[in-house]
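K.L.:
Pasting a structure here, questions to come.
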Amino acid sequence: MSKLQRLIAAERTTFSPYSSLSPESISRIALKCRKDEVADAHILIKQLKAELATVPDWDGDTQDDIWRAIEQYRAILAKVRE
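Basically my numbering = 1-based index in the sequence shown + 36.
Written as structure tokens, this is what we have:
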């Protein structure tokens, strides 16, 4: 597990892994991100997009889960850049 994934997991200790991160959690994660975590987020987004391309059209739940993960990483990246 990468440092970025550990940071996200730490913010979810009291929540379901399927719940969205709060804006406060995203900000706390972003504050701890350095260049390796930023690179990792970009890589994970690319991997998720590749996975999304393989999901059948009828599997909307899986597509939604993948998009939620992508948006989570984008939100973290947006806060890192602020």
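Where a beta carbon is used, it is the ideal one built from N, C-alpha and C, also for glycine. Note that the structure is predicted; figures quoted are calculated from it, not measured.
How many Å lie between L67 and A46 at the Cα?
P.N.:
When rounded, the distance between both Cα atoms is 14 Å.
K.L.:
Counting only the same chain and skipping the five closest in sequence on each side, list residues whose C-beta sits under 7 Å from that of E87.
P.N.:
Contacts found: I102.
K.L.:
Determine the closest residue to K39 out of K71, R104, A111, K82, with distance taken between C-alpha atoms.
P.N.:
Considering only alpha carbons, the answer is K71.
K.L.:
Could you tell me the alpha carbon to alpha carbon distance between L57 and R110, rounded to whole angstroms?
P.N.:
If you take the alpha carbons of L57 and R110, they lie about 12 Å apart.
K.L.:
Report the three-state DSSP secondary structure of D93 (helix, strand or coil).
P.N.:
Coil at D93, not helix or strand.
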